[in-house]
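Novice:
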Amino acid sequence: MKQYDVVALGELLIDFTGNGTSTQGNPIFEANPGGAPCNVLAMLQRLGDKTAFIGKVGNDFFGRQLKDALEEVGIDASALKMDDEVHTTLALVQTFADGDRDFSFYRNPGADMMLTADEVPEDMIRSTGIFHFGTLSMTHEGVREATMKALRIAKEAKVTISFDPNLRPPLWKSLDDARVQVLAGMEYCDVLKISDNEIQWLTGEVNFDAGVAWIKERFPNITLILVSLGRDGSRAYYKDQIIEVPAFIQENTIETTGAGDTFCGSVLHYVGAHGLENLTVEGIREMLTFANAAASLITTRKGALRVMPTREEVEQLAKQA
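Going by numbering that gives the first Met the number 0, the sequence shown opens with residue 0, and the numbers climb by one from there.
1) Can you tell me whether Phe218 is helix, strand or coil according to DSSP?
2) Would you check if the segment 29-46 and the segment 124-133 touch, i.e. whether three or more CB-CB distances between them fall below 8 Å?
3) Only counting runs of 3 or more residues, tell me where the beta strand (DSSP E) segments fall wholly within the segment 54-111, in order along the chain.
4) Between the alpha carbons of Ile224 and Tyr105, how many angstroms are there, rounded?
5) Suppose the cutoff is 8 Å on Cβ atoms and the five residues either side in sequence are ignored; what does the same chain contact list for Gln240 look like?
6) Report back the beta-carbon spacing between Met113 and Asp83 to the nearest angstrom; my notes put them in contact at under 8 Å.
7) The alpha helix (DSSP H) spanning Leu135 covers which residue range?
8) Contact defined as beta carbons within less than 8 Å: I believe Val85 pairs with Pro108. What is the distance between those atoms, to the nearest angstrom?
9) Taking Asn18 as part of the beta strand (DSSP E), name the residues at either end of that continuous run.
10) Roughly how many whole angstroms lie between the Cα atoms of Asp321 and Ala76?
11) State the start and end residues of the unbroken alpha helix (DSSP H) segment that holds Ser265.
12) Would you call the segment 181-199 and the segment 144-162 touching, i.e. three or more CB-CB distances under 8 Å?
13) How do the segment 15-23 and the segment 64-78 stand: do at least 3 beta-carbon pairs fall below 8 Å, yes or no?
14) Candidates Asp48, Pro26, Leu8 and Ala41: which alpha carbon is nearest Gln353's?
15) Work out the CA separation of Val5 and Ala177 for me, nearest whole Å.
16) Enumerate in chain order the residues of its own chain whose CB-to-CB distance from Leu43 is below 7 Å, with the five nearest sequence positions on each side excluded.
17) Once the 5 residues before and after Pro245 are set aside, which same chain residues still bring their CB inside 6 Å of it?
18) Among the candidates Gly57, Phe218, Ala293 and Ala90, whose CA atom is the shortest distance from the CA of Phe28?
19) Check whether the Cβ atoms of Thr88 and Glu10 sit closer than 9 Å, and answer yes or no.
20) If you count every other CB in all the chains shown that lies within 10 Å of the CB of Lys172, and 16 or more means buried, which is it?
21) Given this structure, state the Cα-to-Cα distance separating Leu316 from Gly141, to the nearest angstrom.
22) Measure the alpha-carbon distance for Lys301 versus Leu79 and round it to whole angstroms.
23) Would you mind sorting Phe289 into buried or exposed? The rule is 16 or more other CB atoms within 10 Å of its CB.
24) Run through the DSSP bridge pairs and tell me what Thr127 is partnered with.
25) Tell me whether the beta-carbon of Ala153 lies closer than 9 Å to the beta-carbon of Thr127.
26) Alpha carbon to alpha carbon, how far is His273 from Met286?
27) Let me check one thing: in DSSP terms, what residues is Lys192 bridge-paired to?
28) Taking C-beta to C-beta, are Leu8 and Pro32 nearer than 9 Å?
29) Just confirm the distance between the C-beta atoms of Phe247 and Ser295, as a whole number of angstroms; I'd bet it's less than 8 Å.
30) Is the Cβ-Cβ distance between Thr256 and Ala303 less than 9 Å?
31) Just how far apart, CA to CA, sit Leu46 and Met307?
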């Protein structure tokens, strides 16, 4: 028996999201707890899984707010480190009329970058069914060493490894550096969740099927590839099967922050329950429909980590497929 269903390593930060204007006409920002790996864990917790997070925040007001938020939603925060010297990473999220967004990061350095290899809890990684990570923990040398150590431990322990590149160009010295690290992450993962623009950037292929073929040729270790297509839904590539499911379009979308993470958490819940060996087309279609519905619901809410949809909410929307 594993102690955890999913353990994730990476960034935990404050997303400052727009919340109107003041009486003087100045923009008002709301400090929402965020960070892709923890958003994924929050959705998993909402679905009844047991999760834990590995990372670092500042020992400051925002860091304590984030720790409280993890504990509030049930994520095990015992491996969350508090840095006395470096402040919690902050992100300002600019939301456009169509719900898409742009990010400005205050992270030079930020506490999430300061996690060291010595602080990686080997026992926690060995005792999970799935280990999940992204590339924000690969942008700088120290935290990259921590990430790679965690991946080696997970691989040795035969833990299923999930990877979402979650590319944020402003955080990299160059996109060439980013590409090197994305490819390094793919060497380890069993499940890859990648967005439409990321796969085109990485492979140089405009056609998604051609992009996935490019990845499969180089990384036969990846069993399940999921391409998120925004308003066009999502697509899964499993063995020789390609399964596509349309999106659930919301008229009252506020912002898309956390939609991909909610999708990813829903997929990992299904993988945790069914494994990767004998998935069926019908099962994958059911998985994608649920994940698309969950992602759609989160776009109607501000933030993500604290406001993940319930199973009942997702299933009700999924019935409309």
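For every residue, glycine included, the Cβ atom is placed at its ideal position computed from N, Cα and C.
Specialist: Judging by the given coordinates:
1) coil
2) yes
3) 75-82, 89-94 and 100-105
4) 32 Å
5) Val280 and Ile283
6) About 10 Å separates the two Cβ atoms, so there is no contact after all.
7) Careful: Leu135 lies outside any alpha helix (DSSP H) and carries neither H nor E.
8) 6 Å
9) Leu12 to Thr20
10) Lying before the first or after the last residue shown, residue 321 is absent from the chain, which here runs from 0 to 320.
11) Ala258 to His273
12) yes
13) no
14) Since the first residue shown for the chain is 0 and the last is 320, residue 353 is missing from the structure and cannot be characterised.
15) 25 Å
16) Asp4, Val5, Thr50, Gly264, Leu267 and His268
17) Gly232
18) Ala90
19) yes
20) exposed
21) 43 Å
22) 24 Å
23) buried
24) Tyr3
25) yes
26) 10 Å
27) Leu225
28) no
29) 4 Å
30) yes
31) 10 Å
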